[in-house]
Amino acid sequence: MSKTFDLLHLRHSGTGLVEGLFKKAHSHNWDPERDVDWSVPFEAEDPLMASGWAPYSRTATYKALPKRARAHVTRRSFSFMLNSLRLGELVAEEICFKVGLKSRLSDHKAHAAAQAMDEARHAFVYTRILDAMEETPEEIDPRTRATFDQVLALETVPDMVAWEQFYLESLAMNVLRHAKAHARHPVLKQVFTLNLRDESRHMGFGVTYVAEQLAQSDETDRMAFARRWLDQILTLSFGQQDPTAITRVTRWLFEAGVDNSVALAGHMMQEQGAVLQAEYAAAVDGSRVPQELKSARRAGLMAPDILEALGLARHPLIVGALRGREDAA
Ligand SMILES: [Fe+2]
Ligand SMILES: [Fe+2]
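Quick note on numbering that gives the first Met the number 0: the sequence shown kicks off at 0 and runs consecutively.
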């Protein structure tokens, strides 16, 4: 815990980048009451999201489902995503509290405080949408909970920022961009647009922090950090659609009154292989680079000497990330 001596002698990171993000946190500030029009009701049968958004929804078997079943699966997967995102907001808020307390840099403390406010607002808005939908919350995926438990157990500022602001915020950007592009209900369009602006700032802090850490590290630590995070990113990179267990989708089909839900879900899982292959191909040719790869590139993890030393210079996803244009979606 800080003493007055510590607070009187706080340092500034000296780069100006984080201070710029803190200033934007003020000019980008938004009010869920004023800036979102809640007057449009959430009708019970409204899928709220365009076709092609829900997991497995680009498969032929899904597309052939009755309209009512598609609407049910879309609503359930949307409320599942919101419930998972809401938990993620609370994790991010908690990490910001800890980073704010532990950091010895004044601009980093200020950024953590502003981010905590953003995350609290996001959790509030997602709760309001879930309430308006009147959907029973979906149980959080055990793997998601395990990841968040791992993050909540972190104690050092570099570990917390690498996990939360650098990595998880990048994953969240993929999910939110995909959701924003498919949102049909006006509240969702507004909320995802505003949230994305906030999350992009949070991720900007993570990328800036990691880049500065790498620049200050000796070669051994720099390589170790790059190896650890490129390993994770290259293994788990999935891009747009959050992977949803097929057992959950099977249950949603059953709830919607689809007779042969188990067999149909099996077909959907098989057909999903081609969808994932197309996403992978887009990442490899650089036409759609997942955000976590872009963040790794921007933070300096794909510097030529690192890729050479780690034997990753020819990894297809690295080649795609380096080929992809900065503004590619
Ligand atoms: Fe958030
Ligand atoms: Fe965030």
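Ideal Cβ placement from N, Cα and C applies to all residues, glycine included.
If you reduce the DSSP assignment to three classes, tell me which class residue i lands in.
i, result
"Leu84", "helix"
"Met48", "strand"
"Leu64", "coil"
"Ala70", "helix"
"Leu311", "coil"
"Gln239", "Only weak support is given to the placement of Gln239: the predicted model assigns it a pLDDT of 48, under 50, and the question is left unresolved by the model."
"Leu9", "coil"
"Leu300", "coil"
"Ala182", "strand"
"Leu153", "coil"
If we ignore side chains and look at the alpha-carbon of each, how far apart do residue i and residue j end up?
i, j, result
"Ala178", "Leu9", "40 angstroms"
"His110", "Leu20", "7 angstroms"
"Lys2", "Thr155", "19 angstroms"
"Ala63", "Met267", "11 angstroms"
"Leu321", "Gly285", "7 angstroms"
"Asn28", "Ala113", "10 angstroms"
"Ile245", "Trp251", "10 angstroms"
"Asp220", "Glu88", "30 angstroms"
"Pro329", "Arg313", "Residue 329 lies beyond the residue range present for the chain, which begins at 0 and ends at 328; the question has no answer from this structure."
"Met116", "Ala298", "25 angstroms"
"Leu275", "Tyr208", "32 angstroms"
"Asp304", "Ser105", "33 angstroms"
"Ala264", "Leu316", "29 angstroms"
"Tyr166", "Val186", "27 angstroms"
"Gln269", "Arg75", "21 angstroms"
"Ala70", "Trp37", "22 angstroms"
"Ala131", "Phe123", "12 angstroms"
"Val17", "Asp230", "27 angstroms"
"Ala24", "Trp228", "28 angstroms"
"Met301", "Ala295", "7 angstroms"
"Lys22", "Lys66", "47 angstroms"
"Thr243", "Phe4", "50 angstroms"
"Glu168", "Ile232", "13 angstroms"
"Gln164", "Gln290", "12 angstroms"
"Glu133", "Trp52", "21 angstroms"
"Ile128", "Ile94", "24 angstroms"
"Glu307", "Ser216", "18 angstroms"
"Ser56", "Ala91", "30 angstroms"
Buried or exposed: where does residue i fall if 16 or more other Cβ atoms within 10 Å of its Cβ makes it buried?
i, result
"Gly203", "buried"
"Val39", "exposed"
"Ala277", "exposed"
"Ala273", "exposed"
"Leu6", "exposed"
"Glu254", "exposed"
"Glu32", "exposed"
"Asp34", "exposed"
"Lys346", "Because the chain is modelled from 0 through 328, residue 346 falls outside the range shown and cannot be assessed."
"Gly13", "exposed"
"Gln271", "buried"
"Glu198", "buried"
"Phe147", "buried"
"Thr135", "exposed"
"Ala161", "buried"
"Gly323", "buried"
"Glu118", "buried"
"Arg103", "exposed"
"Gly205", "buried"
"Thr249", "buried"
"His121", "buried"
Item to check | Neighbourhood of ligand 2 [Cβ distance below 5 angstroms to any heavy atom], ordered by chain position | outcome: Ala91, Glu198, His201
Next on the checklist: Across the segment 75-92 and the segment 207-218, are there enough close Cβ pairs to call them in contact, namely three or more that are closer than 8 angstroms?
Outcome noted: no
Next on the checklist: Taking 8 angstroms as the cut-off, does the segment 216-228 touch the segment 168-188 (at least 3 CB pairs, one atom from each stretch)?
Outcome noted: no
Item to check | Lining residues of ligand 1 - beta-carbon closer than 5 angstroms to any non-hydrogen atom, in sequence order | outcome: Answer in sequence order: Glu88, Glu118, His121.
Item to check | Sufficient close CB pairs (3 or more, under 8 angstroms) joining the segment 135-143 to the segment 94-103 | outcome: Three or more beta-carbon pairs separated by less than 8 angstroms are not found between the segment 135-143 and the segment 94-103, which leaves the two stretches without contact.
Next on the checklist: Counting beta carbon pairs with one atom in the segment 178-189 and one in the segment 102-109, are three or more of them shorter than 8 angstroms?
Outcome noted: no
Item to check | Segment contact flag, the segment 245-263 with the segment 33-48, C-beta cutoff 8 angstroms, min 3 pairs | outcome: no
Checklist entry - Okay, do the segment 279-293 and the segment 181-193 touch, 3+ Cβ pairs below 8 angstroms being the bar? => result Because the criterion of three Cβ pairs below 8 angstroms is not met, the segment 279-293 and the segment 181-193 do not touch.
Item to check | Three-pair Cβ contact test at 8 angstroms for the segment 150-164 versus the segment 59-77 | outcome: no
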